[in-house]
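Enquirer: My structure is below; once you've seen it, I'll send some questions.
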Amino acid sequence: MRADGGRDFSLAMTRFLEQQCVIGASYSVADEHLFTRFQAFWKQAPERFDHPSLLGQFRVELVKRGFYTEPGGKRPHWRGLITRERDNQGYEEEIARTQAG
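Heads up: the sequence shown is residues 0 to 100, going by numbering that gives the first Met the number 0.
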C-alpha cells in the first residue's frame with residue numbers, strides 16, 4: 000500500500016458514505032451489497048490505488064466510524080446505514096402503502 004494510502008482510502012470512504020449511503024439507527028444493509036457498491040465507487044475514485052486487501056480495509060473503516068455488524072448469521076449486515084437506492088425504494092413503498100390505505 001502507498002505511504003499515503005490510508006489517508007486516501009479514508010477520504011474515499013468519507014465521500015462514499017456521503018454520496019452513496021444514508022445514515023440512521025434503524026437502517027441495516029448486507030455486507031455483500033454494501034461492499035459491491037463500494038467497489039464500484041472505488042474504481043471511479045480519484046484516490047484509487049491497487050489496495051492489497053480492499054474488503055478488510057473497508058470493514059476496518061466502517062468499524063472506525065462506529066458501524067457494527069449484527070451478531071450471528073452467515074451473512075453479516077451492517078447496522079446504522081443503508082445505500083441510497085434502497086432507502087429510496089423503501090420510501091416509495093411506504094408512500095404507496097399510505098396512498099393505498
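Each residue gets a CB set at the ideal place from its N, CA and C atoms; glycine is no exception.
Distance check for Ser-9 and Glu-60, CA to CA, integer angstroms please.
Expert: In the sequence shown, residue 60 corresponds to position 61, counting from 1. In the sequence shown, residue 9 corresponds to position 10, counting from 1. Near 7 Å, if we compare the C-alpha coordinates of Ser-9 and Glu-60.
Enquirer: Would Gln-19 and Arg-36 be called neighbours here (beta carbons separated by less than 9 Å)?
Expert: Counting from 1 along the sequence shown, the entry for residue 19 is found at position 20. Counting from 1 along the sequence shown, the entry for residue 36 is found at position 37. Against a cut-off of 9 Å, the Cβ pair of Arg-36 and Gln-19 comes out as a contact.
Enquirer: State the DSSP-derived secondary structure class of Gly-55, mapped to helix, strand or coil.
Expert: On the sequence shown, residue 55 is found 56 positions in, with the first residue counted as 1. The answer is helix: DSSP assigns Gly-55 an H, G or I state.
Enquirer: Distance, Cα to Cα, Ala-44 vs Gly-72?
Expert: For this step, residue 44 is matched to residue 45 along the sequence shown. For this step, residue 72 is matched to residue 73 along the sequence shown. When rounded, the distance between both Cα atoms is 32 Å.
Enquirer: Go to Ala-24, then tell me how far its beta strand (DSSP E) extends in each direction, as first and last residue.
Expert: For the purposes of this step, residue 24 is identified with residue 25 of the sequence shown, where counting begins at 1. Per DSSP, Ala-24 belongs to the beta strand (DSSP E) from 20-29.
Enquirer: Leaving aside the five residues before and after Asp-7 along the sequence, list all residues of the same chain whose C-beta is less than 6 Å from its C-beta, in chain order.
Expert: On the sequence shown, residue 7 is found 8 positions in, with the first residue counted as 1. Answer for Asp-7: Glu-46, listed in chain order.
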